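So the mapping is simple: the numbering used here equals the position in the sequence shown, first residue as 1, plus 14.
In what follows, a single structure is set out as structure tokens and then discussed.
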Amino acid sequence: MQSRPTTRRKVEVEKLGHGGAGGGGDGRAGRTPCIIVTGEIPTYLCMVGHWKSPNYQSTQDGRRICTMRAMRDIEMDNPHRRVVLLLDMDCFYAQCESIRLGLDQKIPLALIQWRSALAVNYPAREFGIKRGDSFEDIREKSQGRCVCIHLPVTLVDQTNHSSVAEPVSPQKDVGAFDPASLVDSYNAEFNQPKEVRERMYKSEKNKMRHQSEGKANLNRYRLASARIFRLIDDTLRRILGRGGYILERASIDELFIDVTPFCYGNGADLKVGEGPDRASPTKEKERAEIAAFRSAFERDPYKAMEETNVCHSQDVDTNEKEVGRALRLGCHISLAVRQAVFQELSFTLSGV
15 MQSRPTTRRK VEVEKLGHGG AGGGGDGRAG RTPCIIVTGE IPTYLCMVGH
65 WKSPNYQSTQ DGRRICTMRA MRDIEMDNPH RRVVLLLDMD CFYAQCESIR
115 LGLDQKIPLA LIQWRSALAV NYPAREFGIK RGDSFEDIRE KSQGRCVCIH
165 LPVTLVDQTN HSSVAEPVSP QKDVGAFDPA SLVDSYNAEF NQPKEVRERM
215 YKSEKNKMRH QSEGKANLNR YRLASARIFR LIDDTLRRIL GRGGYILERA
265 SIDELFIDVT PFCYGNGADL KVGEGPDRAS PTKEKERAEI AAFRSAFERD
315 PYKAMEETNV CHSQDVDTNE KEVGRALRLG CHISLAVRQA VFQELSFTLS
365 GV
């Protein structure tokens, strides 16, 4: 997946009470629609997720809490009025295991590395389980109801030490996959038949490993990340056009998407149908799909807001300000992306 540079280097973003990389977090069950922005603020940050339990009253070390409430102030410092989305996969490592094993997302699950929790999903956090808890603490806090899955282990000599039920290939570089092989590899790892998933779950449930067995193998999660990023990029290109966004990977489970060209443009400059084949049926279909996406927003510009947690609605709720319309369109884009990922791969995402 090709990415283009954005202005993200000027912005440092820290989410409060969120899972962080892989969903470890601080153990709080509530997710907050709050972000902290430090340094120069060159962008609008659009609230587009489904976080719960808002908590946006804190400041630390003089850092500024930036929510919809601050948008009017930022507008004076940000004449370019950009719309940038940050999408974050919920409890990513733990979610990977739930999906791979065919488990209900409501089942408490912790991903373990050497008898210590590496990632904890939200149902498990309701028991007070947090990243770093020992296997014994997890069992005690949940009274045995939290499922513990150990991440794959590979021998130091690169011989796969996982059982047959854990088909992880340490030799393959996920970044080297072409689109076709990426989909095939993902399906082989995450879309096994029901009986195979049941057998894997039975053999891996609450089975601990020791460091003497080898080293941690994260290729399973890199593979899932690559597949999700590919799907997001394909979805954005389909609904916005190649010139309608800039995508930058932030980590294994986070990405920034600058959708300013689409949110403030009229669709005439989205680089669709350029070149000698601009009149081909394929290009016509691409233009029609982008136009249909924008038309759906125009018909009901507030529909996406029903699944959006807004801290302050003054700018978003008005039709008189161009920025309000752009932010709502950003919500519309985010909803489309999150729905595409969930419908195709069953992963959930949050975002700002």
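For each residue, glycine too, the CB sits at the ideal point set by N, CA and C.
Predicted model, so just to flag it, every value in this text is computed and none were measured.
| Check | Outcome |
| --- | --- |
| N- and C-terminal bounds of the alpha helix (DSSP H) containing Q353 | E336 to L359 |
| Given 8 Å, three or more beta-carbon pairs between the region 103–113 and the region 145–158 | no |
| Inter-residue Cα distance where the pair is L261 and I271 | 5 Å |
| Any non-hydrogen atom of the ligand SAM within 6 Å of D272 CB | The ligand SAM is not part of the structure shown, which contains no ligands of any sort. |
| Residue from L169, I126, F276 and Y235 with nearest C-alpha to I253 | F276 |
| Whole-angstrom C-beta distance between V337 and D95, which should lie under 8 Å | Note on identity: in this sequence residue 95 is Arg, with Asp being the wrong assignment. 6 Å between Cβ atoms; contact. |
| Minimum length 4: unbroken alpha helix (DSSP H) runs contained in the region 253–285 | 274–278 |
| For C110, three-class secondary structure by DSSP | helix |
| With 16 other Cβ atoms within 10 Å as the buried cut-off, status of A194 | exposed |
| For V167 and E227, believed in contact at Cβ under 8 Å, the rounded distance | 5 Å |
| Residue range of the beta strand (DSSP E) that includes S4 | Limits of the chain in this structure are 15 at one end and 366 at the other, which puts residue 4 out of reach. |
| Unbroken beta strand (DSSP E) run spanning D102, endpoints | V97 to M103 |
| Nearest-angstrom Cβ-Cβ length linking R14 and E203, presumed shorter than 8 Å | One cannot answer for residue 14 here, as it falls past the ends of the chain, which runs 15 to 366. |
| Span separating the alpha-carbon of D118 from that of L100 | 26 Å |
| Residue burial classification, S67 (beta-carbon count within 10 angstroms, cutoff 16) | Residue confidence for S67 is low, a pLDDT of 28 falling below 50, so the modelled location carries little weight; the figure read from the coordinates is stated next. By the 10 Å Cβ count, S67 comes out exposed. |
| Cβ shell of I143 (< 8 Å), same chain only, five flanking positions each side left out | G41, P122, A124, A131, V134, D151, I152, K155, S156 and C160 |
| Nearest to S199 (by Cα), restricted to the options V351, H224, R241 and A310 | R241 |
| Nearest to N201 (by Cα), restricted to the options D247, L115 and Y136 | L115 |
| In DSSP terms, what S148 is bridged to | S130 |
| C-alpha gap between F307 and T274, whole angstroms | 16 Å |
| Per-residue burial, G255 [other beta carbons within 10 Å of its own, 16 or more giving buried] | buried |
| Residues of its chain near I266, where Cβ-Cβ distance is below 6 Å and the 5 sequence neighbours each way are ignored | S239 |
| Chain-order list of residues whose beta-carbon lies under 6 Å from that of K120 (same chain, five-residue window excluded) | P137 |
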